[in-house]
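Letter 242 of the sequence shown, counting from 1, is numbered 279 in the numbering used here, and no numbers are missing.
Built from N, CA and C at the ideal position, the CB exists for glycine as well.
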Amino acid sequence: MKTAITEMFGIEHPIIQGGMHYVGFAEMAAAVSNAGGLGIITALTQKTPADLANEIARCKDMTDKPIGVNVTFLPTVNAPDYPAIIKTIIEGGVTVVETAGNNPVAVLPHLKDAGIKVIHKCTAVRHALKAQNIGCDAVSVDGFECGGHPGEDDIPNFILLPRAADELEIPFVSSGGMADGRSLMASIALGAAGMNMGTRFIATKEAPVHENVKAAIVAASELDTRLVMRPLRNTERVMTNDAVEELLKIEKEKGDDLKFEDVIEQVAGVYPRIMMDGEMDAGAWSCGMVAGLINDIPTCQELMDRIMGEAEDIRQRMNAISA
Numbered sequence: 038m039k040t041a042i043t044e045m046f047g048i049e050h051p052i053i054q055g056g057m058h059y060v061g062f063a064e065m066a067a068a069v070s071n072a073g074g075l076g077i078i079t080a081l082t083q084k085t086p087a088d089l090a091n092e093i094a095r096c097k098d099m100t101d102k103p104i105g106v107n108v109t110f111l112p113t114v115n116a117p118d119y120p121a122i123i124k125t126i127i128e129g130g131v132t133v134v135e136t137a138g139n140n141p142v143a144v145l146p147h148l149k150d151a152g153i154k155v156i157h158k159c160t161a162v163r164h165a166l167k168a169q170n171i172g173c174d175a176v177s178v179d180g181f182e183c184g185g186h187p188g189e190d191d192i193p194n195f196i197l198l199p200r201a202a203d204e205l206e207i208p209f210v211s212s213g214g215m216a217d218g219r220s221l222m223a224s225i226a227l228g229a230a231g232m233n234m235g236t237r238f239i240a241t242k243e244a245p246v247h248e249n250v251k252a253a254i255v256a257a258s259e260l261d262t263r264l265v266m267r268p269l270r271n272t273e274r275v276m277t278n279d280a281v282e283e284l285l286k287i288e289k290e291k292g293d294d295l296k297f298e299d300v301i302e303q304v305a306g307v308y309p310r311i312m313m314d315g316e317m318d319a320g321a322w323s324c325g326m327v328a329g330l331i332n333d334i335p336t337c338q339e340l341m342d343r344i345m346g347e348a349e350d351i352r353q354r355m356n357a358i359s360a
């Protein structure tokens with residue numbers, strides 16, 4: 038399937054793996070890229086730019102297909118060494134960068150000069166237009182369904198994607214609630230040129246996370262995620278567990294007086310314990326409502342083949358409908 042996204046990124050299928058914390062390692066990115074999509078390494082999971090350089094090199098040993106790197110710009114006092122991260126990405130020969138969080142305008146000239154395509158994650162049309170205006174090549178439009186940070190507007194993809202299509206001139210992909218061929222074809226019908234999948238790729242054989250994490254996603258329904266940190270205007274959709282329910286209790290008790298320090302135990306530094314060690318109640322971890330559509334743990338190749346087969350079946354079925 039050829040779309041503006043496959044042409045722009047040089048990939049076979051218009052499917053991108055989201056840049057997920059403690060998931061986007063070389064093994065994950067290479068498996069997705071080898072299956073015809075665009076695999077993404079998560080830069081901030083790596084402790085140093087040197088570690089990131091090693092991870093990029095490791096990934097390139099596993100695939101000769103295009104890969105990307107996610108760089109999330111955090112609103113923090115002790116910011117990561119972003120100039121060194123960008124330099125590492127350029128020197129590593131990466132062809133695509135997925136940016137997220139704060140405005141990436143400061144790094145765009147460096148990436149553009151290196152011939153790197155930039156796709157920015159957005160949760161609102163106004164943010165997507167800003168990304169277009171500063172020179173991003175594409176955007177990932179994240180609906181309210183998504184795992185991680187859905188923004189504060191609460192607009193689901195059935196509204197958000199057509200709105201993006203009405204306003205944008207650059208290509209965009211859907212994100213949030215994406216799992217199968219139905220997701221892909223619906224996204225294209227609503228104006229997208231592909232889709233970004235996060236949670237669905239965690240539940241694959243190659244995902245370098247603990248089997249407890251994969252089992253939790255398969256066992257979950259669409260009712261098993263929660264929105265946390267909403268009072269702090271840093272809303273995150275996470276899988277429910279004991280720590281998350283405790284977090285929500287604290288939020289309710291503190292009300293308008295809630296501070297980040299009140300919930301730091303449930304949200305800070307918990308990802309290694311969950312993703313690597315399988316401690317499923319250690320804290321809050323991002324998961325989309327799409328967990329309700331995930332019922333197995335295939336290889337990335339099996340998943341990609343299935344999605345594209347389903348998409349083709351839908352295309353033929355739609356073509357057969359009489360006008």
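Of all alpha-carbon atoms in 200, 194, 191 and 228, the one lying nearest the alpha-carbon of residue 208 is that of 228. Residue pairing from DSSP places residue 262 in a beta bridge opposite 276. For the pair residue 90 and residue 77, the CB atoms are not nearer than the 9 Å cut-off. Between residue 74 and residue 48, the gap from beta carbon to beta carbon is short of 9 Å. One thing to note: residue 325 has its Cβ no nearer than 9 Å to the Cβ of residue 204.
The secondary-structure analysis by DSSP pairs residue 190 with nothing; it has no beta-bridge partner.
Between the alpha carbons of residue 257 and residue 289 lies a gap of roughly 25 Å.
Here residue 62 carries a coil assignment [DSSP, helix/strand/coil].
With 16 or more other Cβ atoms inside 10 Å of its own Cβ, residue 104 counts as buried. The DSSP-derived three-state label of residue 201 is helix.
For residue 50, the three-state secondary structure derived from DSSP is coil. Residue 85 sits away from residue 106, with the two beta carbons spaced by 9 Å or more. Note: residue 332 is not bridge-paired with any residue in the DSSP secondary-structure output. In the three-state reduction of the DSSP assignment, residue 247 falls in the coil class, being assigned neither a helical nor a strand state. Distance from the Cα of residue 132 is smallest, within the candidate group 138, 341, 252 and 44, for 44. In the structure shown, the three-state DSSP call for residue 70 is helix. Residue 173: not part of any beta strand (DSSP E); DSSP gives it neither H nor E.
If the five residues before and after residue 334 are omitted, its C-beta is found closer than 7 Å to the C-beta atoms of 240, 241, 242, 251 and 255, all from its own chain and listed in chain order.
Put simply, the backbone Cα of residue 336 is about 18 Å away from that of residue 56. For residue 128, the uninterrupted alpha helix (DSSP H) segment begins and ends at 119-128.
The straight-line gap separating the alpha-carbon atoms of residue 174 and residue 158 is approximately 12 Å.
The continuous beta strand (DSSP E) containing residue 134 extends over residues 133-138.
When DSSP states are grouped into helix, strand and coil, residue 233 belongs to the strand group. At the C-beta level, residue 300 and residue 265 come within 9 Å of one another. For residue 78, the uninterrupted beta strand (DSSP E) segment begins and ends at 76-79.
Per the Cβ contact rule, the stretch 185-194 is not in contact with the stretch 147-156 (fewer than 3 Cβ pairs under 8 Å).
Closest option to residue 120, judged by alpha-carbon separation, among 99, 148 and 100: 148. For residue 98, the secondary structure class from DSSP, reduced to helix, strand or coil, is helix.
DSSP places residue 218 within a helical segment (H, G or I) once states are collapsed to three. For residue 111, same chain residues with a beta-carbon under 6 Å away, outside a window of 5 residues either side, are 138 in chain order.
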